[in-house]
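Reading through the structure tokens given below for one structure.
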Amino acid sequence: MTDITMRPDAQAPAEGFATGGVRDYFELLKPRVMSLVVFSGFAGMIVAPGHIHPVLALTAILCIAVAAGASGAINMWYERDIDRMMQRTRNRPLPEGRVDPDEALSFGVVLTVGSVMLMGLAVNWVAAGLLALASFVYVFVYTIWLKRRTPQNIVIGGASGAFPPMIGWAAVTRDVSIASIILFLLIFMWTPPHFWALALFRNGDYAKAGVPMLPVVSGERETKKQMLVYTLLLFPIAVAPYFVGIAGLAYLAGSVVLGGLFVALAVQVWYDRTDKAAKQMFVFSILYLFLLLSLLIGEQLAGPLARLP
Numbered sequence: 001m002t003d004i005t006m007r008p009d010a011q012a013p014a015e016g017f018a019t020g021g022v023r024d025y026f027e028l029l030k031p032r033v034m035s036l037v038v039f040s041g042f043a044g045m046i047v048a049p050g051h052i053h054p055v056l057a058l059t060a061i062l063c064i065a066v067a068a069g070a071s072g073a074i075n076m077w078y079e080r081d082i083d084r085m086m087q088r089t090r091n092r093p094l095p096e097g098r099v100d101p102d103e104a105l106s107f108g109v110v111l112t113v114g115s116v117m118l119m120g121l122a123v124n125w126v127a128a129g130l131l132a133l134a135s136f137v138y139v140f141v142y143t144i145w146l147k148r149r150t151p152q153n154i155v156i157g158g159a160s161g162a163f164p165p166m167i168g169w170a171a172v173t174r175d176v177s178i179a180s181i182i183l184f185l186l187i188f189m190w191t192p193p194h195f196w197a198l199a200l201f202r203n204g205d206y207a208k209a210g211v212p213m214l215p216v217v218s219g220e221r222e223t224k225k226q227m228l229v230y231t232l233l234l235f236p237i238a239v240a241p242y243f244v245g246i247a248g249l250a251y252l253a254g255s256v257v258l259g260g261l262f263v264a265l266a267v268q269v270w271y272d273r274t275d276k277a278a279k280q281m282f283v284f285s286i287l288y289l290f291l292l293l294s295l296l297i298g299e300q301l302a303g304p305l306a307r308l309p
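Take 1 as the starting number for the sequence shown in the UniProt record's numbering and just add one per residue.
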């Protein structure tokens, strides 16, 4: 097992003199990642049985968004040394010296604590506990412990991104159920093929930075095999919401079609000797999850509308 432990305190000349603006701090929150986290949290809230006041629902979504962004800010603080080495990340606020590292860390910590406390005091402490656990897994398990040490970083640490539907569910129900666990597993199993597709066509970047992503450590062939395995395992999990009663026939049909396309793309990646199929799979993986969650949300919202006179 590879052990690569680059020091997060390696500094660029500009550090200590940064005067970041609002846009720079917003970029620290990883808004594109945050949007998918918020959407999945909203899906969990919508499909959960019961009722939540709209103000509390908005508060819960805000807390999920802020906590996810705060974890991203701490991640950028810790990884600013390797971010400077990678084409994909070298223009972030910390590598460019637009934000002071100490301020970025404080920003992330304050937002994390604030969002968890607000969730607990305004919504409920079950949802707050899950929110705190998601932040802990992303910062300490994935970012600090696993990412620089093992190619399984995204498999284990990726669990942090699978918590939002459970958090949204708990915001309504104050509990964790089989249905919410299935939503967790849906995103948990989706994460490895999604990120490994990215790692395949960014392999040189990760190798240069010394990050032991699966293609760097085990090679492209093993990575492609694992991607195919995970997409096959994902297929039955994706259709499971129908069988536990939180989705209807439209979702079932959509999940079968989308799952089949995802597996077909994984097979295409297996045979492709270029980066083309991996890029296509990465893009489709985002669309795949977005459409599945949209089907879940759409069915729930369509139910009350169908009963209107």
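Note that beta-carbon positions come from the ideal geometry of N, C-alpha and C, so glycine has one too.
Remember, it's a predicted structure, so these values are computed and weren't measured experimentally.
- Fewer than three Cβ pairs drawn from the region 144-157 and the region 22-37 lie within less than 8 Å of each other, which leaves the two stretches out of contact.
- Counting only residues of its own chain and dropping the five nearest sequence neighbours on each side, Val176 has a CB closer than 8 Å to the CB of Val126, Leu130, Met166, Trp169 and Ala170.
- Taking the Cα positions, Gly259 is about 21 Å away from Leu200.
- For Tyr251, the number of other beta carbons within 10 angstroms of its own is at least 16, and it is reported as buried.
- Classified as buried, Leu111 has 16 or more neighbouring CB atoms from the shown chains inside 10 Å of its CB.
- Minimum Cα-Cα distance from Ile181 among the listed residues Leu301, Val47 and Ala209 corresponds to Val47.
- In this structure, Ala57 is the residue among Leu28, Val155, Ala277 and Ala57 with its C-alpha nearest to the C-alpha of Thr173.
- Taken atom to atom, the span from the alpha-carbon of Thr223 to that of Lys208 is near 18 Å.
- Put simply, the backbone Cα of Tyr271 is about 18 Å away from that of Asn203.
- Proximity of the region 289-303 to the region 242-257 meets the contact definition, three or more beta-carbon pairs being nearer than 8 Å.
- For Asp102, the enclosing alpha helix (DSSP H) covers residues Pro101 to Leu118.
- Per DSSP, Asp83 is one residue of the alpha helix (DSSP H) stretching across Arg80 to Asp83.
- Secondary structure of Gln87 (DSSP, three-state): coil.
- With respect to Gly20, Val109 sits apart: the two C-beta atoms are not nearer than 7 Å.
- Scanning Gly44, Ala43, Ile286 and Ile52 for the CA closest to the CA of Asn124 turns up Ile52.
- Put simply, the backbone Cα of Ile144 is about 11 Å away from that of Trp77.
- Per DSSP, the continuous alpha helix (DSSP H) segment holding Ala199 begins and ends at Ile178 to Phe201.
- Put simply, of Ile237, Asn75 and Val113 the residue whose alpha carbon is nearest the alpha carbon of Pro95 is Asn75.
- In this structure, Pro193 is the residue among Pro193, Leu36 and Leu118 with its C-alpha nearest to the C-alpha of Pro215.
- In this structure Val37 is in contact with Gly161, their Cβ atoms being roughly 7 Å apart against a cut-off of 8 Å.
- Contact between the region 78-95 and the region 59-67 is absent: fewer than three C-beta pairs spanning the two stretches fall below 8 Å.
- Excluding sequence positions up to five before and after Phe262, its CB lies within less than 6 Å of the CB of Thr231 and Tyr288, all in the same chain and listed in chain order.
- Nearest C-alpha to Leu228 among Met213, Ala197 and Ala240: Ala197.
- For Leu265 and Ala277, the gap between their C-alpha atoms comes out near 7 Å.
- The DSSP assignment places complete alpha helix (DSSP H) segments of no fewer than 4 residues inside the region 135-162 at 153-157, in order along the chain.
- The alpha-carbon separation between Tyr206 and Gln226 amounts to approximately 18 Å.
- Around Ala60, the same chain offers Val123 and Ala171 as residues with beta carbons nearer than 6 Å, after the five sequence neighbours per side are excluded.
- Cα atoms of Met213 and Ser285: separation of roughly 18 Å, rounded to the nearest angstrom.
- Separation of the CB atoms of Ile187 and Ser40 is rounded to 6 Å, and the pair is thereby assigned contact status at 8 Å.
- The region 203-235 is shown to contain no whole beta strand (DSSP E) run of 3 or more residues.
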